[in-house]
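Asker: One structure, pasted below without further comment.
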Amino acid sequence: MTQSTQSFKPTWNPELYAKARPDYPRSVIDGILSTINATKLNYVDLAAGTGIFTKLLIDACTNDSGNKFKLQTATAIEPSETMLKQLNGSLFDQKTGIIPQWKEQGRLDKDLQTFTGSGLFDTIDLTNIAPNLQGNVDLITIAQAWHWCEDWNGALAQIANVLKPGGVLAIVWNLEDREAAHWVAAVREAYEVYEGNSRQYRHGTWKQMYDTEAIKQYEILPEIHLTRGIPTTVEGVCSRIASKSYISMESAENQKKVLDQIHQIFAEKNDDQLQRKWIDQSAGVFEYPYATDVLLFRKK
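Numbering of the sequence shown is given in our numbering, commencing with residue 2 and proceeding in unit increments.
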């Protein structure tokens with residue numbers, strides 16, 4: 002899975018990633034949790050990045066969340082050292098992390114154990130991180146990353162080794178919805194020319210997973226699909242594009258070029274042409290249309 006690690010090379014800006022990337026709807030989180038048969042959960046976020054999804058899932062299992070679930074363990078696995086450092090600092094660190102704060106506030110039980118480790122889809126192994134969790138995990142999530150996998154069969158087999166029987170694998174993507182607004186289509190056309198051979202969700206190569214031998218270890222559950230509008234600004238759109246892996250690896254000249262194109266799109270067209278929906282026009286805030294897709298699998 003060399004392509005995965007290359008996409009998170011040291012020049013990556015984890016602070017920009019954490020700030021610019023959208024979150025995920027609570028209804029999606031609740032939909033994933035509704036597939037879990039247990040109430041006490043061992044949870045793993047694989048390819049966790051800076052912990053955007055990790056935090057949301059943990060938040061949905063707090064004592065004041067309204068959900069029945071109690072987290073026993075929460076583990077973040079991420080191949081990028083810079084991403085994992087950002088995640089640790091914002092989530093798990095005793096001094097700066099939100100999770101210790103939630104424990105002190107009573108939102109989470111103080112005996113919740115958290116772990117981090119380095120790993121890839123087809124090499125995930127908890128024996129060196131938390132030995133008791135190997136083969137005893139209730140939920141594994143992979144958000145915004147599964148399209149980077151290069152060995153679908155190996156990854157599905159290795160993930161099955163980590164899950165307990167009845168455990169759930171949830172694969173999640175956010176995608177800018179070009180069908181919802183002309184400006185989204187125009188912006189995507191401006192930056193997608195830089196994709197090169199970079200794997201993307203929309204290319205659909207991940208569908209090869211359904212042809213593998215390892216998929217037979219899973220029951221395929223109903224998918225979740227949702228559309229929504231996220232508040233943004235023109236600069237927010239630019240930050241979102243700059244956070245894309247293949248844009249971050251372009252030269253400074255090309256990065257400036259694509260961001261200038263985005264500014265030009267908004268400057269040269271009116272709201273009707275853009276199909277822009279304002280939230281607060283005086284503050285420059287409008288809707289960024291997104292689609293969220295979730296694939297769900299239960300280990301047999």
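Using N, Cα and C, we set each Cβ at its ideal position, and we do this for glycine too.
Kindly provide the ranges of any alpha helix (DSSP H) runs that are 4 or more residues long and lie completely inside the region 83-148, ordered along the chain.
Answerer: For the region 83-148, whole alpha helix (DSSP H) runs of length 4 or above, ordered along the chain, are 99-105.
Asker: Under the assumption that T55 contacts A49 (Cβ atoms under 8 Å), give the Cβ distance between them as a whole number of angstroms.
Answerer: Going by Cβ atoms, the distance from T55 to A49 rounds to 5 Å, so yes, they are a contact pair.
Asker: Considering Cα atoms alone, identify which of V45, V185, T51 and R299 is closest to I266.
Answerer: Selected option, being the one with the closest Cα: V185.
Asker: Helix or strand or just coil, what does DSSP make of I37?
Answerer: Coil at I37, not helix or strand.
Asker: Assign T128 to buried or exposed, taking buried as 16 or more other Cβ atoms, counted over all protein chains shown, within 10 Å of its Cβ.
Answerer: Exposed, since its Cβ has fewer than 16 Cβ neighbours within 10 Å.
Asker: Relative to the alpha-carbon of D261, which residue among L47, I78, V188 and D110 has its alpha-carbon at the smallest distance?
Answerer: That would be V188, whose Cα lies nearest to the Cα of D261.
Asker: Under the three-state reduction of DSSP, which class applies to Q4: helix, strand or coil?
Answerer: A caution first: Q4 carries a pLDDT of 36, below 50, which makes its placement in the model unreliable, though a value can still be read off. Residue state, collapsed to three classes: helix.
Asker: Hey, quick one: how far does the alpha helix (DSSP H) through I216 stretch, first residue to last?
Answerer: It is not in any alpha helix (DSSP H) - I216 carries neither H nor E in the DSSP assignment.
Asker: Is the CB of K71 under 7 Å away from at least one CB in chain B?
Answerer: Structure shown: chain B not included; a single protein chain is present.
Asker: To the nearest angstrom, how far is the alpha carbon of P26 from that of D60?
Answerer: The alpha-carbon atoms of P26 and D60 are separated by roughly 12 Å.
Asker: On the DSSP letters alone, give me the boundaries of the alpha helix (DSSP H) that K177 sits inside.
Answerer: Per the sequence shown, residue 177 should be read as Glu rather than Lys. First-last for E177: L164 to E177, but that is the beta strand (DSSP E), not the alpha helix (DSSP H).
Asker: Nearest CA to the CA of S53: which residue from R179, S66, L296 and L88?
Answerer: The sequence shown places Ile at residue 53, not Ser. Closest by alpha carbon: L88.
Asker: Taking all protein chains shown into account, do 16 or more other C-beta atoms lie within 10 angstroms of the C-beta of R203, making it buried, or fewer, making it exposed?
Answerer: By the 10 Å Cβ count, R203 comes out exposed.
Asker: Can you name the start and end residues of the beta strand (DSSP E) that W279 belongs to?
Answerer: Residues W279 to D281.
Asker: With a threshold of 16 other CB atoms inside 10 Å of the CB of A156, please say whether the residue is buried or exposed.
Answerer: The residue in question, A156, is buried, as its Cβ has 16 or more Cβ neighbours within 10 Å.
Asker: On the premise that D152 lies in contact with D110, defined as a C-beta separation below 8 Å, what is that separation, rounded to the nearest angstrom?
Answerer: So it is not a contact: roughly 37 Å between Cβ atoms.
Asker: What did DSSP end up calling A186 once you bin it into helix, strand or coil?
Answerer: Three-state DSSP puts A186 in a helix.
Asker: Check for me: the beta strand (DSSP E) holding Q73 runs from which residue to which?
Answerer: Per DSSP, Q73 belongs to the beta strand (DSSP E) from K71 to I78.
Asker: Can you name, in chain order, every residue of its own chain whose Cβ lies under 6 Å from the Cβ of G120, other than the five neighbours on each side?
Answerer: Closer than 6 Å at the Cβ level, and outside the excluded window around G120, lie I78.
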